[in-house]
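K.L.:
Sequential numbering from 1 applies to the sequence shown in our numbering.
Just so it is clear, CB atoms sit at the ideal spot from N, CA and C, and this is done for glycine as well.
Below are the C-alpha cells for one structure; questions will follow.
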Amino acid sequence: MATNSRREFLKDAAMGAAVLAAGPAARALGANDRVRVGMIGVGGRGQELLHEVLRVPNVQLVAIADIYSRRREEAKKLAPEIQTLDDHRRLLDMKDIDGVLVASPLHIHARHFLDALAAGKDLYSEKTMTWSIPEAEQCRAAATKSDRVIQIGLQHESSGSLADARKWIKDGTVGKITQVESWMSRNTPRGKGQWVRAVPPDCTAENVNWKAFLNGRPERPFDGFRFMNWRLYWEFSGGNVTENMVHQIAWIMSALDLPLPAAAYMSGGVFSEKDGREVPDTIVVTLDFPGDVVVTWQSTFSNSRYGLGERLLGSDGTVEHVAGANDMVSGRSAESIRYYPEKVNRPEGAALTGESRTQNHMANWIDCIRSRKTPNATVEIGYRSAIAAHMANLSYRRKQRITLEEAMSAQPEF
C-alpha cells in the first residue's frame, strides 16, 4: 500500500471518531413500544440478519442501505414495505430509526460503526468489529463516550453453553485451566471453492458504488470479482481468522475472562484453494495469554470431519463445546456442551448437560434498546477478540511471533 493512501485512510478513520461527540438524543421507548431499525449492508450475511430481525416481535424494519442495486432489490422482495437507499448516510439521517444493523464488508465496519454512533443510533455491528487494530481502538474509544446500546455480532455470547462453562469454571469444577484447543474444519462439493461467489451480470460499475466500497483503498477500475469475493483479499478481509476464529476466541475469552493475548503466532498457507486468493485456507494459531493460558485454533477448508468446537483442559475436568461434524456437502449437527471429570475417583458433577435456554442474539439487542441495559456481546469483547484475530494475521503476514506491544504499534497493511 502506498504511504499516502495509508495516511489518508488513518486520517479518515480518525475524523470519523472525532465527529462522534454527542449524537442526537434517542427517543424514549416503553416496554411495549415498537423498535424501528435500519440496516446497512444486505448481502449474504445481511440478508440472514434481515430474516432474523423480521422475526423479532414488535420490531419494524424501516429502511436498508446498500451500494449494490441488486441487493437493494433483493431486500425489497423480502420486506416490501421498507425504503431502500444507496447511501448509508441517508439512512442515518432518518429520524424515525432507533437502531441500525451493520452487515457491510469487514473493511467498512469501522466507518459505519462510527457514523451510526455519530447519528445517535443504537447499533448492532457484525463481527469482526473492525478490519484493523487502529480502527478497533477508535471504535472502542467512541463507544466509551457514547450512551448508545451496542451489540457485536458474536452470537455465541448469547448461548447457554457460555453460561454453563462460566459456571463450571467459577465453581472450581474444572480446576486450573492452562490450555484450550479449538478448531474449525469445513469442505465443499468437488470443484467449488470456499467463499467463491459467481459474479452476476448486473454487477457492474453502473450498479455498484465502487468508490464507497473501496473505502480509502487505492483507486483502480471496477472489479466485479473482487467486489463479490472480498473475503479472499487482505485489503478487505482478515480471512477465516476474522470470519470464524473470532467467534470461537470470543467464546473462550468470555468463558475464562481472558485479557488481550500477550503474543500470537500463526502458520499455514493457501494449500487447497488455488484460485488466486491471498488469505490462507489452512491455519494453525497459537495465542499466549497472561496467567499461564495457551489457546490454539486450527482450521482447514479441505476436510469437514470434525466440524468446529473448543476444549477447555483443566486439572480436574474438561469442558468440551462441540457443534458437531458436517459431511462434505451438507448436513448439520446440534450444538452441545459437556463436562468430563479428569479422574474416575472424582465426583462426576455436571457429567452431561444440554444447551441451556438461550435468548436470541438479535432479540437481546432489541430488549436492551428498550431497557438500556448492557447487551450480551459488548464492545469490550468485540474489541478483545478483534485484537486477538488481528495479532494472528499480523504474525502470519510477517512470518514471525508477534507480541501485543508490536501489534498495537503496527500500521494497517493493505
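Which residue's Cα is closest to the Cα of I67: I366, M228 and K145?
P.N.:
Of the candidates I366, M228 and K145, the one whose C-alpha sits nearest the C-alpha of I67 is M228.
K.L.:
Taking only three categories from DSSP, how would you classify F414?
P.N.:
DSSP places F414 in coil when its eight states are reduced to three.
K.L.:
My understanding is that P412 touches P218, with C-beta atoms under 8 angstroms, so please give their C-beta distance in whole angstroms.
P.N.:
Between P218 and P412 the Cβ distance is about 13 angstroms, and since that is not below 8 angstroms, they are no contact.
K.L.:
Thinking just about the alpha-carbon of each residue, which of L114, I337 and G120 is nearest to the one in M129?
P.N.:
For the residues L114, I337 and G120, the minimum Cα distance to M129 belongs to L114.
K.L.:
Could you tell me whether the stretch 384-391 touches the stretch 82-90, using the rule of 3 or more Cβ pairs below 8 angstroms?
P.N.:
Taking 8 angstroms as the limit for Cβ pairs, the verdict is that the stretch 82-90 does not touch the stretch 384-391.
K.L.:
Helix or strand or just coil, what does DSSP make of D115?
P.N.:
Reduced to three states, the DSSP call for D115 is helix.
K.L.:
State the DSSP-derived secondary structure class of P341, mapped to helix, strand or coil.
P.N.:
Strand at P341.
K.L.:
Just verifying my parser: in three-state terms, what is the DSSP assignment at G38?
P.N.:
G38: strand per DSSP, three-state reduction.
K.L.:
With 16 other CB atoms within 10 Å as the buried threshold, where does A417 fall?
P.N.:
Any question about residue 417 goes unanswered here, given that the chain covers just 1 to 414.
K.L.:
So is Q155 buried or exposed if we call it buried at 16+ other beta carbons inside 10 Å?
P.N.:
Looking at its Cβ environment, which holds 16 or more other Cβ atoms inside 10 Å, Q155 is buried.
K.L.:
Kindly provide the ranges of any alpha helix (DSSP H) runs that are 4 or more residues long and lie completely inside the stretch 120-178, ordered along the chain.
P.N.:
You should have 133-145 and 160-171.
K.L.:
Roughly how many angstroms lie between the CA atoms of P105 and E48, to the nearest whole one?
P.N.:
Roughly 14 angstroms separates the two Cα atoms.
K.L.:
For H51, does the count of other Cβ atoms within 10 angstroms reach 16, so buried, or fall short, so exposed?
P.N.:
Its Cβ having fewer than 16 others within 10 Å, H51 is exposed.
K.L.:
Is it the case that the Cβ atoms of H361 and G153 are separated by a distance below 9 angstroms?
P.N.:
Against a cut-off of 9 angstroms, the Cβ pair of G153 and H361 comes out as a contact.
K.L.:
Identify whether R332 lies in helix, strand or coil by the three-state DSSP scheme.
P.N.:
With a pLDDT of only 40 at R332, under 50, the local geometry of the prediction cannot be trusted, and no value is derived from it.
K.L.:
Please classify T204: does DSSP put it in a helix, a strand, or coil?
P.N.:
Residue state, collapsed to three classes: coil.
K.L.:
Would you kindly check if the distance between the Cβ of E273 and the Cβ of D182 is under 9 angstroms?
P.N.:
It should be noted that the sequence gives Ser, not Asp, for residue 182. No; because the gap between Cβ atoms is not below 9 angstroms, this pair is not in contact.
K.L.:
Whole angstroms are fine: how far does the CA of V149 sit from the CA of K76?
P.N.:
Approximately 27 angstroms, taken between the alpha carbons.
K.L.:
Would you identify the three-state DSSP class for M253, choosing helix, strand or coil?
P.N.:
If DSSP states are grouped into helix, strand and coil, M253 belongs with the helices.
K.L.:
So, helix, strand or coil for S315, using DSSP?
P.N.:
Coil, per DSSP.
K.L.:
With a 10 Å radius around its C-beta and 16 neighbouring C-beta atoms as the bar for buried, classify K192 as buried or exposed.
P.N.:
Exposed: under 16 other Cβ atoms inside 10 Å.
K.L.:
Closest by CA to N303, which one among C139, G175 and Q194?
P.N.:
Taking only the C-alpha atoms, the option nearest N303 is Q194.
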